[in-house]
Amino acid sequence: MLNLIKNEWIKIFKQVSTYIMIGFLLLVIIGAGGITKYVESKEEPVNENWKQVLVKQNEQNKAELDNVEFAAPSLKEYYSKEIAINEYRIEHNLPPEQSYSVWSFINESSGLISFVGLLVIIIASGIVAHEFSWGTIKILLIKPYKRWKILMAKYMTTILYLLTMLAILFVTVSILGLILFGKGTGENVHLAYVNGAVVEQNLLLYLIKTYILNSLSVFLLTTMAFMISAVFRNSGLAIGISIFLLLMGGTITNLLAAKFDWAKYSLFANTNLMQYVDGMPLVDGMTLSFSIIMIIIYFIIFHAMAFAFFTKRDIAN
270 MLNLIKNEWI KIFKQVSTYI MIGFLLLVII GAGGITKYVE SKEEPVNENW KQVLVKQNEQ
330 NKAELDNVEF AAPSLKEYYS KEIAINEYRI EHNLPPEQSY SVWSFINESS GLISFVGLLV
390 IIIASGIVAH EFSWGTIKIL LIKPYKRWKI LMAKYMTTIL YLLTMLAILF VTVSILGLIL
450 FGKGTGENVH LAYVNGAVVE QNLLLYLIKT YILNSLSVFL LTTMAFMISA VFRNSGLAIG
510 ISIFLLLMGG TITNLLAAKF DWAKYSLFAN TNLMQYVDGM PLVDGMTLSF SIIMIIIYFI
570 IFHAMAFAFF TKRDIAN
């Protein structure tokens, strides 16, 4: 198995496109850092009367909360969260972040995880399908390995590539953020809204948790792209479906959740485990254990389909 994984890893890094992806990711991170630095330099420092500012924000939030009676529960929860956190800051004398820091940049750059997902989906969509289009599948099957081991090696290599890209993202963002913005002078505390109450969390642990949990949806979409590639032998189809769901899946799920309770059984209603960290479940009644069970079910379905088609069909012809 290790030899198979090693061979697949070598195949990935023999492709020029792999290095283009890594270079493109680095350019996007540097570009994001440059833009953020420019915008941050134009912003005014935190008002000394920050408590009065938060009081006014709460008045606006309460007005908005009164106007969202028929909105999604997540929107109502959002305003409740903002009000509670502002009140907590005022009560405990915790001003908003005084200046932009490496921690701020790391937190905001978590949005680039979706961009990493886009790049990895391209690899996942082609790692099986290209064996057919390039005519190398027959050579691969001649080797003394069972088909399921060959497919498993390809999947594990894809996940290793995903982890590598995420590591590049986190390390590069951390180094660049430290160079451009420094460590900051504020308290390294994150205020979370959990079960209707505000709690203080270690900022570094929160950021690590954010990156891990936000990577989950990318992990499942990568698995789905891999499954489509194995079932239909078509990288274009796998890329198209997976990228569409990556970009639009969450939005569609949010719209459905505003009207239908059954939306909680969909994939994207459960991949965002940050909703439990921040205390804002998409649908009332959803729990962390429920989402984990749903994720496992989807994971099993994707793998069952991929392995069933790859091992049973006459793929040598």
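Just so you know, the sequence shown maps onto residues 270 to 586 in the numbering used here. Quick reminder that beta carbons are idealized off the backbone N, C-alpha and C, glycines included.
Check                                                                                                            : Outcome
Cα-Cα separation between S535 and S383, rounded to whole angstroms                                               : 19 Å
Meets three-Cβ-pair contact criterion under 8 Å: the segment 378-397 and the segment 344-359                     : no
Supposed close pair T479, L431 - CB separation, criterion 8 Å                                                    : T479 to L431, Cβ: 17 Å. No contact.
Cα-Cα separation between K533 and L344, rounded to whole angstroms                                               : 16 Å
Exposure of V385, with buried meaning 16 or more beta-carbon neighbours within 10 Å                              : buried
Alpha-carbon to alpha-carbon, I298 and L323                                                                      : 32 Å
C-alpha distance - G587 paired with Y414, whole-angstrom precision                                               : Because the chain spans 270 through 586 in this model, residue 587 falls outside it and cannot be assessed.
Same chain only: Cβ atoms within 7 Å of Y567, ignoring 5 sequence neighbours per side                            : L489, L536
Cutoff 6 Å; reference S486; Cβ partners in own chain excluding five residues on either side                      : T540
Close-in-space but distant-in-sequence residues of the same chain around G451 (CB under 7 Å, 5 per side omitted) : S370, V371
CB contact below 8 Å: E309 versus chain D                                                                        : No chain D appears in this structure, which consists of one protein chain only.
Q321, DSSP secondary structure in three states                                                                   : helix
Limits of the alpha helix (DSSP H) - the one that N376 falls within                                              : 371-377
Continuous alpha helix (DSSP H) stretch holding Q544: start and end                                              : 543-546
Beta-bridge pairing of E469 - partner residues as DSSP gives them                                                : L460
Closest Cα partner of S402 within the set S504, E328, M425, H361                                                 : S504
Proximity to N318 [Cα-Cα], best of S511, A461, H572, L363                                                        : L363
Secondary structure of Q326, DSSP reduced to three states                                                        : helix
Backbone CA spacing between V389 and L474 [nearest angstrom]                                                     : 26 Å
Assigned secondary structure, N503 (DSSP; H/G/I helix, E/B strand, else coil)                                    : coil
Where G292 sits in the DSSP three-state scheme                                                                   : helix
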